[in-house]
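Trainee:
In the UniProt record's numbering, the protein residues as written are 1 to 169.
What follows is the structure, encoded as structure tokens:
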């Protein structure tokens, strides 16, 4: 676990390192902000406080969803691609999940979802603490048909995956 620094006057919030982020390939990541380091040289799964603050919105409140800035999320991940692999605790909704799942719950566009999947392809099989897949979240928060289609294209089996309450998407 990692305590992420916040803006002055705010309490620190717990951010989780994703232990499942053990990618062992050494593909070049130069497409992330001109960085030519190998993945093995990156701090894989390390959380990023700025990304956390961009996503720490309550997806159940429409006003909060409107605050979501997908382009800012993309820019932050371009600078720190390893941050897409961590699990974060989002205090606004008491949810622990990966950035992609929260972005989907906040109504991310197809471009944001596709970008995050490109950065961390294994996140397609991510589950939150309730056992919900990305598709569960997309359906629950009424993601666009494009986003749902992309998720099904990348992980067709998600349509029959059950959460901890035995619900399929």
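Where a beta carbon is used, it is the ideal one built from N, C-alpha and C, also for glycine. All of these numbers come straight from a predicted model, not from anything done at the bench.
Please report the straight-line C-alpha distance between residue 175 and residue 63, rounded to a whole angstrom.
Mentor: Summary: the structure shown does not reach residue 175, with the chain confined to residues 1 through 169, and so no result is reported for it.
Trainee: Given that a residue counts as buried once 16 or more other Cβ atoms are within 10 Å of its Cβ, and exposed if not, what is residue 61?
Mentor: Taking the first residue of the chain shown as position 1, residue 61 is located at position 61. With fewer than 16 other Cβ atoms within 10 Å, it is exposed.
Trainee: So, are the CB atoms of residue 138 and residue 148 less than 7 angstroms apart?
Mentor: Within the chain shown, residue 138 is the residue found at index 138, counting from 1. Within the chain shown, residue 148 is the residue found at index 148, counting from 1. A contact, by the Cβ cut-off of 7 angstroms.
Trainee: Alpha carbon to alpha carbon, how far is residue 124 from residue 141? Give it in angstroms, no decimals.
Mentor: Working through the chain shown from its first residue, we reach residue 141 at position 141. Working through the chain shown from its first residue, we reach residue 124 at position 124. The alpha-carbon atoms of residue 141 and residue 124 are separated by roughly 17 angstroms.
Trainee: So, are the CB atoms of residue 86 and residue 77 less than 7 angstroms apart?
Mentor: Residue 86 sits at position 86 when you count from the first residue of the chain shown. Residue 77 sits at position 77 when you count from the first residue of the chain shown. No. Outside cutoff.
Trainee: Measuring only the C-alpha atoms, how far is residue 79 from residue 113?
Mentor: Sequence index remark: in the chain shown, residue 79 carries index 79 (1-based). Sequence index remark: in the chain shown, residue 113 carries index 113 (1-based). Whole-angstrom Cα-Cα distance: 17 angstroms.
Trainee: To the nearest angstrom, report how far apart residue 120 and residue 146 are at their CA atoms.
Mentor: Residue mapping note: residue 120 aligns to position 120 of the chain shown, counting from 1. Residue mapping note: residue 146 aligns to position 146 of the chain shown, counting from 1. If you take the alpha carbons of residue 120 and residue 146, they lie about 19 angstroms apart.
Trainee: Kindly indicate which three-state DSSP category residue 93 falls into: helix, strand or coil?
Mentor: What you label residue 93 is simply residue 93 of the chain shown in a count that begins at 1. Looking at residue 93 - three-state DSSP - the assignment turns out to be coil, as it is neither helix nor strand.
Trainee: Going by the CB atoms, is the gap between residue 90 and residue 102 shorter than 7 angstroms?
Mentor: The sequence position of residue 102 within the chain shown is 102, counting from 1. The sequence position of residue 90 within the chain shown is 90, counting from 1. Closer than 7 angstroms, so yes.
Trainee: What are the boundary residues of the alpha helix (DSSP H) that includes residue 46?
Mentor: For the purposes of this step, residue 46 is taken as residue 46 along the chain shown, with counting starting at 1. Careful: residue 46 lies outside any alpha helix (DSSP H) and carries neither H nor E.
Trainee: DSSP state of residue 8, grouped into three classes?
Mentor: In the chain shown, counting from the first residue as 1, residue 8 sits at position 8. Any reading at residue 8 must be qualified, since the residue scores a pLDDT of 42, below 50, and its modelled position is unreliable; the value itself is stated next. In the structure shown, residue 8 sits in coil (DSSP, three-state: anything other than H, G, I, E or B).
Trainee: If you drop the 5 nearest sequence neighbours on each side, which residues of the same chain put their C-beta closer than 8 angstroms to that of residue 134?
Mentor: Here residue 134 refers to the residue found at position 134 when the chain shown is read from its first residue. So the list reads 100, 101, 104, 123, 124, 126, 151, 155, 158, once near-sequence residues are dropped.
Trainee: What does DSSP give as the partner residues of residue 133 in its beta bridges?
Mentor: As a first step, residue 133 is located in the chain shown; it is residue number 133 there, counting from the start. Paired residues: 127.
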